[in-house]
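Everything below concerns the one structure shown next.
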Amino acid sequence: MKSYLVVLAAIAGIAHANEHDPTCPQNGEKMEKGFDDAMRLKFLALHNGYRSRLALGHVSITEESEDYDLYDLLYAPTASKMRYLKYDCEAEKSAYESAKKCQTTASSWEKYDENLQVIEDPRDINHAALKAIISWATEAFNLNKTGEGVLYRSNHNISNFANLAWDTREKVGCAVVKCSPRTTHVVCHYPKIVKKEGKPIYITGKPCGGCGDYANKFFCHADEGVCIIASRDLDIYGRKKYFYPFREL
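Structure (structure tokens):
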């Protein structure tokens, strides 16, 4: 099996915050050093970068072996209404409350869905964030490959992928806590949605083809394939902010 390469590259498009960017109050003293607005926007870029790859059909759902043929790889179908996420301070606060408990399994919350990853010996907070997202994303290997669509199956070990990829999600907030000299816990919370067994995680189809389901005014750039609901999510050149290119996947 070819392992994923965790390479810390520059985060695209998030060098500077502006008046529209989230400014969250600092949570408790256990939050990992370096968790600031720039780090929040890196988490946002990681999420939106992956959702963009998924929407455009660039996510492999076939695990590579030593003798794999490039043409044998299967890819998740394109998404027609993949929404661009916003960063949410309340979700971060909830994620921090979970992360500081240093539990090794995800918790159940009334208002949030949770992704949890325990990272051993991360080089820094950026490394921990990237490893967590990649781990959650690789659950795509467990998707059904029969062509029935991208459906939620609670017994298929895809819960983290589902939280990351659900097309109608609007917000995310994350926290990073060092729980021991060798382990760092990364937690992301997403406002809870109802997951119905056997129902689509996202609607397949032409990228952006279903964006009109969200609002009369939406923005879509074919190069990213996600639905932008508010013009403030675009920079002065009409490009979407906060995307990570994910060369590792």
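Mind the numbering: the sequence shown is residues -17 to -1, 1 to 232 in mature numbering (1 follows the signal peptide of the UniProt record, and there is no 0), read in order. The beta-carbon is built from N, C-alpha and C at its ideal position, and this holds for glycine as well. Computed from a predicted model, the values in this text were never measured in an experiment.
| Query | Result |
| --- | --- |
| 4-residue-minimum alpha helix (DSSP H) runs that sit fully inside the stretch 138 to 188, ordered along the chain | 142 to 148 |
| Three or more C-beta pairs below 8 Å linking the stretch 176 to 196 and the stretch 141 to 151 | yes |
| Between the CA atoms of A82 and E15 - distance to the nearest angstrom | 10 Å |
| Residues bridged to S43 (per DSSP) | Y58 |
| Minimum C-alpha distance to S142 - residue among E75, L126, A62, A21 | L126 |
| Nearest-angstrom Cα separation, counted from E207 out to Y197 | 17 Å |
| Span separating the alpha-carbon of K154 from that of R106 | 27 Å |
| Nearest-angstrom Cα separation, counted from S163 out to H204 | 43 Å |
| Cα-Cα separation between S35 and L68, rounded to whole angstroms | 11 Å |
| Close beta carbons around Y95, own chain, < 7 Å, minus the five adjacent residues each side | A74, S77, H172, Y173, P174, K175 |
| Contacting residues, own chain, Cβ-Cβ under 7 Å from I108 (five flanking each side not counted) | E15, G17, F18, M22, V159 |
| Segments assigned beta strand (DSSP E), at least 3 residues, entirely inside the stretch 84 to 147 | 95 to 103 |
| Assigned secondary structure, I212 (DSSP; H/G/I helix, E/B strand, else coil) | coil |
| As assigned by DSSP and simplified to three states, the class of Y70 | strand |
| Option in A112, D20, K161 with minimal Cα separation from K13 | K161 |
| Cβ-based burial, Q9 [other Cβ within 10 Å; buried from 16] | exposed |
| Outcome for T167 when other beta-carbon atoms lying within 10 angstroms are tallied against a minimum of 16 | buried |
| Three-state secondary structure assigned by DSSP to E65 | This sequence places Met at residue 65; Glu is not what is there. Three-state result, M65: coil. |
| Residue closest to L29, alpha-carbon to alpha-carbon, out of C194, A120, A59 | A120 |
| Candidates G40, C210, A115: closest to residue 235 by CA position | Nothing can be reported for residue 235: it is not among the residues displayed for the chain, which extend from -17 to 232. |
| Cα-Cα separation between C89 and L99, rounded to whole angstroms | According to the sequence displayed, residue 89 carries Ala and not Cys. Each residue's alpha carbon lies about 6 Å from the other. |
| DSSP bridge partner residues for F202 (one or two, in chain order) | I211 |
| Straight-line gap, C85 to C191 (C-alpha atoms, nearest Å) | 39 Å |
| Contact under 9 Å by Cβ, S43 with A123 | yes |
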